[in-house]
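> Going line by line, the protein sequences match chains A and B.
All residue numbers for the first sequence refer to this note's numbering, where the first residue is 1 and numbers rise by one.
All residue numbers for the second sequence refer to this note's numbering, where the first residue is 1001 and numbers rise by one.
Just so you know, even glycine gets a beta-carbon here, dropped at the ideal spot from N, CA and C.
Note that the structure is a prediction, hence the values are computed from the model and not measured.
Mind having a look at this structure? Questions to follow.
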Amino acid sequence: MTAPASTMAPPKRPRFLRVDTTGLVMHLFLLAVGLVISTPIFIAFFTSFKEPAKIIAFPPHLLPQVWTAENYFVAWEKTQFDRYLLNSAVQSGVIMVGQVLFSVLAAFAFSILRFPGRDGLFYLVIGSLMVPFELVFIPNFVFISRIGWANTYQGLTVPFLASAFGVFMLRQFFLTVPKDFYDAALIDGAGNWRYLWQILVPLSKGSIGAFAIFAFLSAWNQYLWPLVITNSDEMRTLQIGIRFFMNTLERGADWGPIMAGTMIAMGPTLIIFLVAQKQLVQGIAMTGLKG
Amino acid sequence: MSQSESTLTSASAPLATRPRRNLFKEVSAAIEGYLYLSPTLIGLILFVFWPIVASFTLSLQRISPFGNRTRFVGLENYIRTLTSPDYWETVRVTLLFVLGTVPTGLILAVALAIALAYPLGRIDPLYRTLIFVPVVISSAVTGVLFKWLFHPVVGYINYWMLQLGLIESMQEGPNWFADRTWALVAVIVATTWRQLGFNVIVALAGVQNIDESYYDAAKVDGANAWQRIRHITLPLLSPTLFFLLIINIIYSFQAFGEIDVLTQGGPGRSTTTMVYAIYRIAFVDARDRGLASSQAYLLALMVMLMSYIQFVTVSRRVHYQ
């Protein structure tokens, strides 16, 4: 939670002189709206730690009267949350590593190397960003099923290893590295491969890390593809698991364990948000996309 | 290791022998370039470009539910789609959904961005955190959260409506997911909430890009806060707003997770948008992947048209900075 102070105009007067009525109204407005917006998350958090009997009490209490982790144990027992967690970790981890690696290679070629056809291919890659997933998911499903990858980790991950968004984002960063570094490396006898891994990648650690966060988050939060490509409980990711879990428990009004499961599904993304908010916000502001 | 050796020699050798090895150099540079690109290109060809063609082929076929028999039927699926009242109903629901999510989301985002751009000191990061947070929440989690909030008997939203005096008893409150209109409202609220974090971030970046000197000049001329927003912030924000408008229409056209978790398209077909209908036709009801592909193609043409407009504005936006 570090203040991105550099993005704001420098205060012209000491703060105690700047607190005017407009400022006060802004404070109240932002605090009220901020609390309303984040309320669904706070409610899920508090509900997940309530005693099962108190969850549907009327009138509802916001905070648990007695804090208990029982809902988490029930969620863990009633369904395979450990398995969902593993599946989500493997699926998102593989997609993240693949996208970072492949995008670094392609962005390097598009930003530093010179060869015939380069720019045409770049527009082709960027053009793929315009293709909506709804257009390609049925043929992809047919193809992945036909090669026997339905309901496997390969089926969950391989269609997403290439990322046009990653190529675009990393290329923008690579273009900001001075060309002199490349020329100097070549004069020193380093080839392209060594320049990429020993100079360019270490210099771009921050931006590659920012892209890795985007890649992980969008993989973790995927819904439509894991829904259609998995057909057994063992292969479901957290997002799909929580949907089926809710459908089976809803009638029994078992909202405690459902909220515990929801906290497990969004916990990692919330932690990433709190730790890496600055990178996320800058990435979105710069590209106008969310991965 | 072997690759670094070979690139090393090819990069350091040519100086002396340049005239004779030009063609060789060009070919080897191209081969090297394509090697770096190959993982990305192969991935995109297999899972984006080829499926564009495959999807069109599918849309010209009649496919039995388990995919074991296919027959070429020409444009029959498109004709069936365009003459089906069910299809036009999904178009109507999608338009209502877009009208419900996009204007609300944009107005909220701009209001919040203007407030957030106001220097408030050390507490700023707290407000940002509270307001940006939906940006990392998945559509499935959003669906579950709002299913709980909108629960007609024990949900908080009806309880708050009771507290605010909007309804007189919990029984009087809307039964959100059983009522055709309220179900659509619930899905719209959930989707707008999840999009809001992204929208505020982009809008705030736009507001902060506006040069301070415009405001200073307006202050000298005696413009009040509202006049400054009206005549400086909003006009100068219009490229960002236009960009957000297009991308939000695209995102709303593609909304899926919230609908699947909250209503599964119901009650009746009151929340079955075009995307949700494609999923139902291809995977749940008829399993008619030919018909579903024809609808996917029609949807994709609309989305790609808007993506194209957005792409043009993105390049313009980058150009300005």
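(1) Looking only at DSSP bridge pairs, what is T1070 of chain B linked to?
(2) Helix, strand or coil: which one does DSSP assign to K278 of chain A?
(3) Does DSSP put D254 of chain A in a helix, a strand or coil?
(4) Using beta carbons (cut-off 9 Å, strictly below), is W255 of chain A in contact with chain B?
(5) Counting contacts by CB-CB distance shorter than 9 Å, is V309 of chain A in contact with chain B?
(6) May I ask which residues mark the beginning and end of the alpha helix (DSSP H) holding T1191 of chain B?
(7) Would Q80 of chain A count as contacting chain B if we go by Cβ distances under 9 Å?
(8) Quick one: is S1006 of chain B near chain A, going by C-beta distance under 9 Å?
(9) Is there at least one Cβ from chain B nearer than 9 Å to N151 of chain A's Cβ?
(10) Determine, for I240 of chain A, whether the minimum Cβ-Cβ distance to residues of chain B falls below 9 Å.
(11) Are the CB atoms of A1190 of chain B and G1143 of chain B nearer to each other than 9 Å?
(12) Relative to the C-alpha of G1155 of chain B, which residue among B:V1027, B:R1287, B:I1188 and B:Q1171 is closest?
(13) Can you list the beta strand (DSSP E) stretches of 3 or more residues lying completely in the stretch 30-110 of chain A, in chain order?
(14) Under 9 Å, Cβ to Cβ, is there at least one residue of chain B near T7 of chain A?
(15) Can the beta-carbon of A150 of chain A be found closer than 9 Å to that of T237 of chain A?
(16) In the structure shown, what three-state DSSP assignment does D119 of chain A receive?
(17) Assign Q222 of chain A to one of three DSSP states: helix, strand, or coil.
(18) Less than 6 Å between C-beta atoms, sequence neighbours within five positions excluded: which residues of the same chain meet that for F49 of chain A?
(19) Answer yes or no: does any C-beta atom of chain B fall closer than 9 Å to that of A265 of chain A?
(20) Indicate whether at least one CB of chain B lies closer than 9 Å to the CB of I208 of chain A.
(21) Going by other Cβ atoms of all chains shown within 10 Å of its Cβ, with 16 needed for buried, is T21 of chain A buried or exposed?
(22) Listed from N- to C-terminal order along the chain, which residues in the stretch 1288-1303 of chain B have their beta-carbon within a distance smaller than 8 Å of any beta-carbon of chain A?
(23) Between which two residues does the alpha helix (DSSP H) carrying E1076 of chain B extend?
(24) What's the call for Y123 of chain A, buried or exposed, on a 16-neighbour Cβ count within 10 Å?
(25) Check whether the Cβ atoms of A1255 of chain B and V1187 of chain B sit closer than 9 Å, and answer yes or no.
(26) In the DSSP assignment, the alpha helix (DSSP H) including Y1034 of chain B goes from what residue to what residue?
(27) Just the Cα atoms here: how many angstroms apart are W197 of chain A and L1037 of chain B?
(28) Could one say the Cβ of F49 of chain A lies closer than 9 Å to chain B's Cβ atoms, at least one of them?
(29) What whole-angstrom Cβ distance do L1204 of chain B and L30 of chain A have, given they're in contact under 8 Å?
(30) So, using beta-carbon positions, are G283 of chain A and A184 of chain A closer together than 9 Å?
(31) Alpha carbon to alpha carbon, how far is S1084 of chain B from A1054 of chain B? Give it in angstroms, no decimals.
In this structure, then:
(1) Your numbering for residue 1070 of chain B matches position 70 in the second sequence. For T1070 of chain B, which the question treats as bridged, DSSP gives the partners B:I1063.
(2) Taking the first residue of the first sequence as 1, we reach residue 278 of chain A at position 278. It is helical.
(3) Counting from one through the first sequence, the residue named residue 254 of chain A turns up at place 254. Of the three classes helix, strand and coil, the one that applies to D254 of chain A here is coil, per DSSP.
(4) Locating residue 255 of chain A in the first sequence gives position 255, where the first residue counts as 1. Cβ-Cβ to chain B under 9 Å: yes for W255 of chain A.
(5) As displayed, chain A neither begins before 1 nor continues past 291, which places residue 309 of chain A out of reach and without an answer.
(6) If you number the second sequence from 1, residue 1191 of chain B lands on position 191. R1180 to Q1208 is the extent of the alpha helix (DSSP H) around T1191 of chain B.
(7) Reading the first sequence from its first residue, position 80 is the one you call residue 80 of chain A. Judged by the 9 Å Cβ criterion, Q80 of chain A is not in contact with chain B.
(8) Along the second sequence, one-based indexing puts residue 1006 of chain B at 6. Because the pLDDT of S1006 of chain B is 42, which lies under 50, any placement of that residue in the model is unreliable, and the question is left without a value.
(9) Residue numbering aside, residue 151 of chain A sits at position 151 when the first sequence is read from its first letter. Taking Cβ atoms only, chain B never reaches closer than 9 Å to N151 of chain A, which makes this a no.
(10) If you number the first sequence from 1, residue 240 of chain A lands on position 240. Yes, its Cβ sits closer than 9 Å to a Cβ of chain B.
(11) One-based indexing of the second sequence puts residue 1190 of chain B at position 190. One-based indexing of the second sequence puts residue 1143 of chain B at position 143. Yes, the pair counts as a contact, with Cβ atoms nearer than the cut-off.
(12) Numbered from its first residue, the second sequence carries residue 1155 of chain B at position 155. The residue with the shortest Cα to Cα distance from G1155 of chain B is B:Q1171.
(13) none
(14) What you label residue 7 of chain A is simply residue 7 of the first sequence in a count that begins at 1. Here T7 of chain A scores only 48 on pLDDT, less than 50, and its place in the model should not be relied on; the value that follows carries that caveat. Chain B, which has a Cβ nearer than 9 Å to the Cβ of T7 of chain A, makes this yes.
(15) Within the first sequence, residue 150 of chain A is the residue found at index 150, counting from 1. Within the first sequence, residue 237 of chain A is the residue found at index 237, counting from 1. Going by C-beta atoms, A150 of chain A is not nearer than 9 Å to T237 of chain A.
(16) The residue you call residue 119 of chain A lines up with position 119 of the first sequence. Helix.
(17) Numbered from 1 along the first sequence, position 222 holds the residue referred to as residue 222 of chain A. Of the three classes helix, strand and coil, the one that applies to Q222 of chain A here is coil, per DSSP.
(18) Along the first sequence, one-based indexing puts residue 49 of chain A at 49. Cβ within range, chain order: P64 and W67.
(19) On the first sequence, residue 265 of chain A is found 265 positions in, with the first residue counted as 1. So, interface residue.
(20) Along the first sequence, one-based indexing puts residue 208 of chain A at 208. No, I208 of chain A does not count as interfacial toward chain B.
(21) Residue mapping note: residue 21 of chain A aligns to position 21 of the first sequence, counting from 1. T21 of chain A should be labelled exposed.
(22) R1289, A1292, S1293, A1296, Y1297, L1299, A1300 and V1303
(23) In the second sequence, the residue the question calls residue 1076 of chain B occupies position 76. Note, E1076 of chain B: alpha helix (DSSP H), E1076 to L1082.
(24) To locate residue 123 of chain A, count along the first sequence from 1; it is residue 123. Y123 of chain A should be labelled exposed.
(25) For the purposes of this step, residue 1255 of chain B is taken as residue 255 along the second sequence, with counting starting at 1. For the purposes of this step, residue 1187 of chain B is taken as residue 187 along the second sequence, with counting starting at 1. Yes, the pair counts as a contact, with Cβ atoms nearer than the cut-off.
(26) The residue you call residue 1034 of chain B lines up with position 34 of the second sequence. Here the alpha helix (DSSP H) through Y1034 of chain B covers N1022 to L1044.
(27) As a working note, residue 197 of chain A is residue 197 in the first sequence. As a working note, residue 1037 of chain B is residue 37 in the second sequence. C-alpha separation (whole angstroms): 16 Å.
(28) The count along the first sequence starts at 1 and reaches residue 49 of chain A at position 49. Chain B contact via Cβ: absent.
(29) Along the second sequence, one-based indexing puts residue 1204 of chain B at 204. Along the first sequence, one-based indexing puts residue 30 of chain A at 30. So it is not a contact: roughly 12 Å between Cβ atoms.
(30) By 1-based counting over the first sequence, the position of residue 283 of chain A is 283. By 1-based counting over the first sequence, the position of residue 184 of chain A is 184. Cβ distance not < 9 Å, so G283 of chain A and A184 of chain A don't count as in contact.
(31) Counting from 1 along the second sequence, the entry for residue 1054 of chain B is found at position 54. Counting from 1 along the second sequence, the entry for residue 1084 of chain B is found at position 84. Rounded to the nearest angstrom, the two C-alpha atoms are 24 Å apart.
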